[in-house]
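For the sequence shown, counting from 1, position 753 maps to 1840 in my numbering; every step adds exactly one. Heads up, the beta-carbon is just placed ideally off N, CA and C, and yes, glycines get one too. Worksheet: the structure to be examined is printed underneath.
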Amino acid sequence: MNHSAFHSALALYALILATSGCGGVAEDRSINHSTSGERVAFQHGDDGVFVATGDGEKLEKIFDADEKVIAVSTPLWSPTDERLIFTTARSADPKADGANRDPLPWDANPEGRRFYPESIIYTCWLRESPHDGQTAAPVVLFEALCDHAGYIAANLAVRWHPAGERVAFIDQVGERAVSLFEFDLTMREVKRLLDRTSAALIFDWSPSGSHLACVMSGENEHDDMTGVWIRSGEKSEWWKVPQSERLAFPDSWEPLERLRATKPAWTNDEKEFAFVTSVDVETPSPEGKKEIRHSLFVADVAAREVKLRREGTGVIRDIRWRPNASEIGFIEGKSSALRFVDETGNVSQHNRAEDVRRFAGWNGDGKRLAYVVPEPFDDAKEDWALLFSRIKDSRDRVFMADETDRFPGRMVHSGVRVTFPQWSPKNDSLSLWGTYAPTRRSWLSLLLPWSLRPGDPAAILDLQTGEMTWMAVSPHEEAQVGHYYLLKKEYEKAWEWYAKSAEQREPAGPIKLRDLNLFMSRQQIHHDATFFEYVCLTKLNRPDEAAEKLKAFRANMTFDTSNAAELFPQSELSGEELQTELHQLADFITPLMQNAFITEGYLSLDAADDGVRFFRSEMKQTPTDAERLAYALCLSQLLLVVDDRSAYAELVEESLIPILIKLFDGEKFAATGGESTQRHFRQATEQLALYASGGAALLPLMSERFLETFSEETLREHAARWRSLRETANDATEEFAIDLMLAAALKRLNAADELTELAQRMETYRQHHPEMPLDPAKIDDVVESLRTSAR
């Protein structure tokens, strides 16, 4: 591996932050209301299926999935009573290894996991209505086949008949085709509803059940089966809707996603429905690709006529009819603008309605609407905390607007990421998932098993009061709710949730290095709330209890290296030597890991100032070199977040550079580019961590732009200190790093003579070290590249 100066070493940091593509079919995690609005139901991945009262109280688990279940659908309420159906999928191949499934845990992506083509057997379950307060366990209704787990995860496989006596479902016909069938709950018989087959198919009834709509995809775009088909009444002929053969393209070529994007949206009176199509046009885009035009059509069922309402180059989604009106609301384009179109095609939009993440539509009487927007994020703002990258869209705001003040309306909630919002049919409330997530992520947390992981409690949001009723199903989610109230500075309420979580939460405990599988899985599922409990108790002025929580946090977030040498049976080192190496590596990594988590925690609470005070206090102790390094690195980043550049520069001079000089060894670092061995593994890891993290922490002082706010007098004082620090450097790499800082300061000071001498010295170094790519003139480009890549 070629470790060539700060730029190439820090490129690893940027690369780590890259995310994978978004193929596959997205899970539907809607929290569905019963017809009366008295109850809600939702699936929660591995945790099972739950029901609660419509206000979010009286939570009850009704189903627990076993280890063979790979997907669970959102429960569907009967249109006539409180019966429920839901589906679960298992692989049709008992030897399937799950390689084509999303490896992340259920709550890793607030928008839902991704699911991919796979032959599955799915089971439809029925839970009868509670009787005399007693709830019966769900029973199996039937099983069916299909070729994609997305049918279950996206809740596309089954629907209640409007009369509540039958269940329509998708089943496989042949190897690569599906069709639509119906299960009679009374007779326990199956009959076919559709005399056609399709490569992919979704379906649903209109609101009152007068019409059945199917959206089908044939083997290719010219297949006559592709499009929207409508059947009105029980025995009428199917009508293929004109203009519907060009399925919508929601930035995905996945057939099921295109069907979902084309699915009809009905008016309450069922006389009309809207649907979206997409088509290539000949006019090429600046990137050399054909433009895709998206069209919003409205179909009159009785007249069998289709009229164009809206056309443009922006994707159209979240289509909602205003109750008892001809107005349609939708989100359009890359700007995610919330727009409204009337029956004449006139489009209206308030200038505030940009960057809308979700449009929940109108309440039952059409007098109020709700939508979700990300909390403001200034892309243009210079962010110098390169070790803790800002996470865009980690939080949302919920707005409600009425007829008199449509935009922006009133912000009723903020602080968490909001997904799958749905109006209650009874109250001015939304069901949703509220994800407490970090606002910044450290590069180290992506490599090690502990970091601030999100959690997804279900909730009911009262839009009149802004109060959230949480339906947390696990101790981890209860702790996540505690984080939310800690963010809101409601410390007593936060502690109630932490205490509730602690009653059932298993202690995190040190991770055993000898179990690599556990190590990797913990990277995904390890959650530790004790640091947040420390913060809460501190705010509640309970210092002794807070100190115990901080001590427990430090004890839990560490490595158990006992018997870890078993991992390397062929090692060239003796068992004792290898054990010593691993123990020393853990001693070096643990403070970095712990304090990166602490920093993420304070930043997620909008409490960077508290973090600054915390680390200043910790540094007054007598820490080890590894602890001093971790404290200085994290404190430097918090000072950059609060934009205290003077304090940051002083910290770099007094603490960070001296400890880097003491710990960094240029010869050992150069040796990391050679053949890797267990003997060199620890030093390679330590030196690369020093090089990358130290380089990122120092980069701002190498930038002329960062130094613009410093007065000439202050810059001269800093430059003098940097010259003194350079004299203490142990090798040329450290000297060169400090010279880069001096070069930026001297340019600001117009110190031509000294700058010429410095430039000659740096060029000589670069000639002897051609692997060093950093050019003083391009520091700002390097900073911006890292900042952009991290975003």
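Subject >> Ala-1092, buried or exposed, once every other Cβ within 10 Å from all chains shown has been counted against 16 >> reply: The sequence position of residue 1092 within the sequence shown is 5, counting from 1. With a pLDDT of only 39 at Ala-1092, under the threshold of 50, the placement of this residue in the model should not be trusted, and no figure is reported.
Original post:
Is it true that the CB of Ser-1780 sits closer than 7 angstroms to the CB of Leu-1692?
Top reply: Numbered from its first residue, the sequence shown carries residue 1692 at position 605. Numbered from its first residue, the sequence shown carries residue 1780 at position 693. In this structure, Ser-1780 does not lie closer than 7 angstroms to Leu-1692 by Cβ.
**OP:** Return helix, strand or coil for Ala-1447, following the three-state DSSP convention.
**Re:** Counting from 1 along the sequence shown, the entry for residue 1447 is found at position 360. Annotated three-state conformation of Ala-1447 is strand, per DSSP.
Original post:
Below 7 angstroms between beta carbons: does that hold for Ala-1652 and Leu-1665?
Top reply: The residue labelled residue 1652 in the question sits at position 565 within the sequence shown. The residue labelled residue 1665 in the question sits at position 578 within the sequence shown. For the 7 angstroms CB-CB criterion, Ala-1652 and Leu-1665 form a contact.
Original post:
Can you tell which of Arg-1444, Ala-1412, Thr-1431 has its C-alpha closest to the C-alpha of Leu-1425?
Top reply: The count along the sequence shown starts at 1 and reaches residue 1425 at position 338. Answer by Cα proximity: Arg-1444.
Original post:
If Arg-1397 sits next to Ile-1403, beta carbons under 8 angstroms apart, how far is it from one beta carbon to the other, in whole angstroms?
Top reply: Position 310 of the sequence shown holds residue 1397. Position 316 of the sequence shown holds residue 1403. Indeed they touch by this definition, with Cβ atoms about 7 angstroms apart.
Original post:
Is the Cβ-Cβ distance between Phe-1268 and Val-1277 less than 7 angstroms?
Top reply: Translated into positions along the sequence shown, residue 1268 becomes position 181. Translated into positions along the sequence shown, residue 1277 becomes position 190. Yes, the pair counts as a contact, with Cβ atoms nearer than the cut-off.
**OP:** Would you check if there are 3 or more beta carbon pairs closer than 8 angstroms linking the stretch 1510 to 1524 to the stretch 1118 to 1125?
**Re:** Inter-segment contact for the stretch 1510 to 1524 and the stretch 1118 to 1125 is present: three or more beta-carbon pairs are separated by less than 8 angstroms.
Original post:
Which stretch, first to last residue, makes up the alpha helix (DSSP H) that contains Thr-1843?
Top reply: Reading the sequence shown from its first residue, position 756 is the one you call residue 1843. It spans 1839 to 1855 - the alpha helix (DSSP H) in which Thr-1843 sits, taken as one unbroken run.
Subject >> Three-state secondary structure assigned by DSSP to Lys-1636 >> reply: What you label residue 1636 is simply residue 549 of the sequence shown in a count that begins at 1. Here Lys-1636 sits in helix by DSSP.
**OP:** With distances taken Cα to Cα, identify the nearest neighbour of Gly-1141 among Arg-1803, Glu-1795, Glu-1705, Met-1555.
**Re:** By 1-based counting over the sequence shown, the position of residue 1141 is 54. Measuring from the Cα of Gly-1141, the nearest candidate turns out to be Met-1555.
Original post:
When the Cα atoms are used, what is the spatial distance from Val-1870 to Pro-1787?
Top reply: The residue given as residue 1870 occupies position 783 in the sequence shown. The residue given as residue 1787 occupies position 700 in the sequence shown. Val-1870 and Pro-1787 have their alpha carbons spaced roughly 8 angstroms apart.
**OP:** Evaluate Met-1795 with the Cβ neighbour count: other Cβ atoms within 10 Å of its Cβ, from every protein chain shown; 16 or more gives buried, anything less gives exposed.
**Re:** Counted from its first residue, the sequence shown places residue 1795 at position 708. The amino acid occupying residue 1795 in the given sequence is Glu; Met does not appear at that position. Classification for Glu-1795: exposed.
Original post:
Hey, how far is the Cα of Lys-1865 from the Cα of Ala-1830?
Top reply: In the sequence shown, counting from the first residue as 1, residue 1865 sits at position 778. In the sequence shown, counting from the first residue as 1, residue 1830 sits at position 743. Lys-1865 and Ala-1830: Cα-Cα distance of roughly 12 angstroms.
**OP:** Measure from the alpha carbon of Ala-1389 to the alpha carbon of each residue in Val-1254, Asp-1356, Phe-1417, His-1381, then state which is nearest.
**Re:** Within the sequence shown, numbered from 1, the residue matching residue 1389 stands at position 302. Ala-1389 has its Cα closest to that of Asp-1356, out of Val-1254, Asp-1356, Phe-1417, His-1381.
**OP:** Spatial neighbours of Gln-1509 within its chain, please: CB distance less than 8 angstroms, with the 5 preceding and 5 following residues excluded, ordered by chain position.
**Re:** Within the sequence shown, the letter at position 422 stands for residue 1509. Ser-1117, Ile-1118, Asn-1119, His-1120, Ala-1447, Leu-1517, Ser-1518, Leu-1519.
Original post:
Alpha carbon to alpha carbon, how far is Ser-1872 from Arg-1732?
Top reply: Counting from 1 along the sequence shown, the entry for residue 1872 is found at position 785. Counting from 1 along the sequence shown, the entry for residue 1732 is found at position 645. Looking at the two C-alpha atoms, the distance is approximately 21 angstroms.
Original post:
Could you check where the alpha helix (DSSP H) with Ile-1744 kicks off and where it finishes?
Top reply: Taking the first residue of the sequence shown as 1, we reach residue 1744 at position 657. Counting along the chain, the alpha helix (DSSP H) containing Ile-1744 begins and ends at 1744 to 1750.
**OP:** Evaluate Ala-1642 with the Cβ neighbour count: other Cβ atoms within 10 Å of its Cβ, from every protein chain shown; 16 or more gives buried, anything less gives exposed.
**Re:** The residue you call residue 1642 lines up with position 555 of the sequence shown. It is exposed - the Cβ of Ala-1642 has fewer than 16 other Cβ atoms within 10 Å.
**OP:** Enumerate in chain order the residues of its own chain whose CB-to-CB distance from Gly-1401 is below 7 angstroms, with the five nearest sequence positions on each side excluded.
**Re:** On the sequence shown, residue 1401 is found 314 positions in, with the first residue counted as 1. Taken in chain order, the residues that qualify are His-1381, Glu-1419, Gly-1420, Lys-1421.
Original post:
Mind checking whether Arg-1177 and Lys-1155 have CB atoms under 7 angstroms apart?
Top reply: To locate residue 1177, count along the sequence shown from 1; it is residue 90. To locate residue 1155, count along the sequence shown from 1; it is residue 68. By the CB criterion at 7 angstroms, Arg-1177 and Lys-1155 fall inside the cutoff.
Subject >> Sub-7 angstroms separation of Leu-1346 and Val-1385 beta-carbons >> reply: The residue given as residue 1346 occupies position 259 in the sequence shown. The residue given as residue 1385 occupies position 298 in the sequence shown. No, the pair does not count as a contact, with Cβ atoms beyond the cut-off.
Original post:
Across which residues does DSSP place Lys-1298 in a beta bridge pair?
Top reply: Translated into positions along the sequence shown, residue 1298 becomes position 211. According to the sequence displayed, residue 1298 carries His and not Lys. BP columns for His-1298 point to Ser-1319.
Subject >> Which of helix, strand or coil DSSP assigns to Leu-1827 >> reply: Position 740 of the sequence shown, counted from the start, is the residue given in the question as residue 1827. Helix at Leu-1827.
**OP:** Compute the Euclidean distance between the alpha carbons of Gly-1502 and Ala-1472, then round it to the nearest angstrom.
**Re:** Within the sequence shown, residue 1502 is the residue found at index 415, counting from 1. Within the sequence shown, residue 1472 is the residue found at index 385, counting from 1. About 22 angstroms.
**OP:** Inspect the beta-carbon positions of Asp-1867 and Leu-1845 and report whether they are closer than 7 angstroms.
**Re:** What you label residue 1867 is simply residue 780 of the sequence shown in a count that begins at 1. What you label residue 1845 is simply residue 758 of the sequence shown in a count that begins at 1. Contact: no.
**OP:** Return the chain-ordered ranges of every alpha helix (DSSP H) run that is complete within the stretch 1635 to 1698 and spans a minimum of 4 residues.
**Re:** Runs found: 1662 to 1691.
Original post:
Which ranges does the alpha helix (DSSP H) cover as unbroken runs of at least 4 residues, wholly within the stretch 1520 to 1581, from first to last along the chain?
Top reply: If only uninterrupted alpha helix (DSSP H) runs of at least 4 residues are considered, those enclosed by the stretch 1520 to 1581 are 1562 to 1574.
Original post:
Can you tell me whether DSSP reads Ser-1423 as helix, strand or coil?
Top reply: In the sequence shown, counting from the first residue as 1, residue 1423 sits at position 336. In this structure, Ser-1423 counts as coil in the three-state DSSP scheme.
Original post:
How should Gln-1567 be labelled, buried or exposed, when 16 other C-beta atoms within 10 angstroms of its C-beta is the threshold for buried?
Top reply: For the purposes of this step, residue 1567 is taken as the residue at position 480 of the sequence shown. With 16 or more other Cβ atoms within 10 Å, it is buried.
**OP:** Report the rounded CA-to-CA distance for Leu-1548 versus Phe-1655, giving the unit in angstroms.
**Re:** As a working mapping, residue 1548 is identified with position 461 in the sequence shown. As a working mapping, residue 1655 is identified with position 568 in the sequence shown. In a straight line, the C-alpha of Leu-1548 is about 53 angstroms away from that of Phe-1655.
**OP:** Would you decide whether Asp-1615 is buried or exposed? Buried here means 16 or more other CB atoms lie within 10 Å of its CB.
**Re:** Within the sequence shown, numbered from 1, the residue matching residue 1615 stands at position 528. Buried, because 16 or more other Cβ atoms sit within 10 Å of the Cβ of Asp-1615.
Subject >> 7 angstroms Cβ cutoff met for Asn-1242 and Thr-1161 >> reply: In the sequence shown, counting from the first residue as 1, residue 1242 sits at position 155. In the sequence shown, counting from the first residue as 1, residue 1161 sits at position 74. Contact: yes.
Subject >> Identified DSSP bridge partners for Leu-1280 >> reply: Start at 1 with the first residue of the sequence shown, and residue 1280 comes out as number 193. Paired residue(s): none; Leu-1280 is not in a bridge.
Original post:
Considering only C-alpha positions, which residue in the set Leu-1716, Glu-1593, Trp-1247, Ile-1676 is nearest to Val-1739?
Top reply: To locate residue 1739, count along the sequence shown from 1; it is residue 652. If we check each option's Cα against that of Val-1739, Leu-1716 comes out closest.
**OP:** Compute the Euclidean distance between the alpha carbons of Leu-1163 and Leu-1383, then round it to the nearest angstrom.
**Re:** Translated into positions along the sequence shown, residue 1163 becomes position 76. Translated into positions along the sequence shown, residue 1383 becomes position 296. Straight-line Cα distance between these residues: approximately 28 angstroms.
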